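These notes are about the structure you will find just below.
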Amino acid sequence: MKRYSPLNRDSVHADMRADPVATRAAVRAQPGVREAHRGCEECERLDPLRRQTETRRQKVVLTLTEVASGLPLPPDARPVRMYVEHDPQYLCLIFESDSLEPVPLDSETPIALLADEDTISVE
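Reading the sequence shown from the start, the letters are residues 1312 to 1434 in my numbering.
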């Protein structure tokens, strides 16, 4: 079965033109790709049988505190904000800690590299 990237929609569309049955099966087996093509007008045009009327999915809703508690942050870390960056998709957690070097407010927030429990370095 062919593997697709959720970011490369054109490869799915090209294969859908050539072999809709095999492409439909491959997309169905890859949740990220399936989600990327959910409601895709081009896929529906190329494969009318693909239209979905239901799905087997749920979502997990986490608070800022729940996400932060699962990370090896310094003991004095204070979670400040959480957001999602797109393309590629990243969940970003901004935190403050007295053990970090000061950063000017108008500069980009450094990326923390989480290594071991209570150990943090900055990229």
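Backbone N, C-alpha and C define an ideal beta-carbon position, used for all residues, glycine too.
Since the model is a prediction, treat every value here as computed from it, not as a measurement.
Using DSSP with H/G/I as helix, E/B as strand and the rest coil, what is residue i?
i, result
"R1368", "coil"
"M1327", "helix"
"V1414", "coil"
"C1435", "Shown here, the chain extends from 1312 to 1434; a query on residue 1435 therefore has no answer."
"A1423", "strand"
"P1342", "helix"
With distance defined between alpha-carbon atoms, name the residue in the options nearest to residue i.
i, options, result
"L1411", "P1421, V1344, G1350 and V1372", "P1421"
"A1388", "R1367, A1423, S1418 and K1370", "A1423"
"L1382", "V1332, K1313, L1425 and P1342", "L1425"
"D1330", "K1313, S1418 and Y1401", "K1313"
Suppose contacts are defined by Cβ-Cβ distances below 9 Å. Is residue i in contact with residue j by that definition?
i, j, result
"M1487", "L1404", "Since the first residue shown for the chain is 1312 and the last is 1434, residue 1487 is missing from the structure and cannot be characterised."
"A1337", "D1326", "yes"
"H1324", "E1353", "yes"
"R1328", "A1347", "no"
"P1399", "L1318", "yes"
By Cβ distance, which residues of its chain are closer than 6 Å to residue i, with the 5 residues on each side in sequence left out?
i, result
"L1375", "P1390 and M1393"
"T1334", "D1326 and M1327"
Please go through the same chain and pick out, in chain order, the residues whose beta-carbon is closer than 8 Å to the beta-carbon of residue i, but skip the five residues on each side of it.
i, result
"S1316", "S1322 and V1344"
"A1379", "A1388, P1390, L1404 and F1406"
"Y1401", "V1395"
Excluding the 5 residues flanking residue i on each side, which residues of the same chain have their C-beta closer than 7 Å to its C-beta?
i, result
"L1357", "H1324, M1327, R1328 and P1331"
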